[in-house]
Amino acid sequence: MRLSLLAIGRARPGPEKALTEDYLKRLAPMGRGVGIGPARLLELEAKSGRREDESALLLERAPQGAKLVVMDERGETPSSLDFAQKLGRWRDGGAAEAVFLIGGADGHAEALRERADWVVSLGRLTLPHMLARAVLAEQLYRAASILAGHPYHRE
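In case it helps, my numbering puts the sequence shown at residues 12 to 166.
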């Protein structure tokens, strides 16, 4: 199952961008053996800055038939194990791709949240968007390691 991160805004060079790229790079070999990944990051620019326009752009760029995961502060807060198991169930159920949608500063339009297969929060803390990308990338790597039975994740 391929993975995509579709995000509003472009990351500037810095530690958050480097960390995101590092975890996505690590994911490729770890996930290969368990059918998760590789992952790609696609950064999108919405001209208006309105969340409805940004949500429409994210949806437009999401591959047809992909599982849609909306990253939103009002979503579920799964454990890392729950996160990995959900991806594993989708993979085992024949999903070809899961797409993680990261909105702009004002979040997502309600219509996009309603369309989602899963609405996920990274926790109750407010994170800068570039740091949220890095945390999500790490959790995708962690999910692949859990599914592979690798000792990276400890309970």
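Yeah, the Cβ is synthetic: ideal placement off N, Cα and C, and Gly gets one too.
Using a 10 Å radius around the Cβ and a threshold of 16 neighbouring Cβ atoms, would you call residue i buried or exposed?
i, result
"R153", "buried"
"A107", "exposed"
"D83", "buried"
"R62", "buried"
"A127", "buried"
"G48", "buried"
"E27", "buried"
Let me check understanding here. Comparing Cα to Cα, which of the options lies closest to residue i?
i, options, result
"L35", "R43, A50, G44, R23", "A50"
"L79", "G160, S91, H164, V131", "V131"
"D117", "E71, E65, K97", "E65"
"H161", "L69, R13, R23, G44", "G44"
"A122", "A67, R23, R37, E32", "A67"
"E71", "V110, R102, A159, V146", "V110"
How far does the alpha helix (DSSP H) with residue i in it reach, from first residue to last?
i, result
"D33", "26-43"
"S66", "62-72"
"L123", "121-126"
What residue does the beta strand (DSSP E) around residue i start on, and which one ends it?
i, result
"K97", "Looking at the DSSP string, K97 is not in any beta strand (DSSP E); the run it does join, the alpha helix (DSSP H), is 91-103."
"L16", "13-19"
"A109", "108-113"
Below 8 Å on the Cβ atoms is my contact criterion, and I expect residue i with residue j to pass it. Report the Cβ-Cβ distance as a whole number of Å.
i, j, result
"L133", "A143", "6 Å"
"H140", "I113", "6 Å"
"G104", "A57", "Not quite, the Cβ-Cβ distance comes to about 32 Å (not below 8 Å), so this is no contact."
"G20", "E54", "7 Å"
"H164", "S90", "Going by Cβ atoms, the distance from H164 to S90 rounds to 10 Å, so no, they are not a contact pair."
What three-state label does DSSP hand residue i in the structure shown?
i, result
"I47", "coil"
"L147", "helix"
"R85", "strand"
"A159", "helix"
"L136", "coil"
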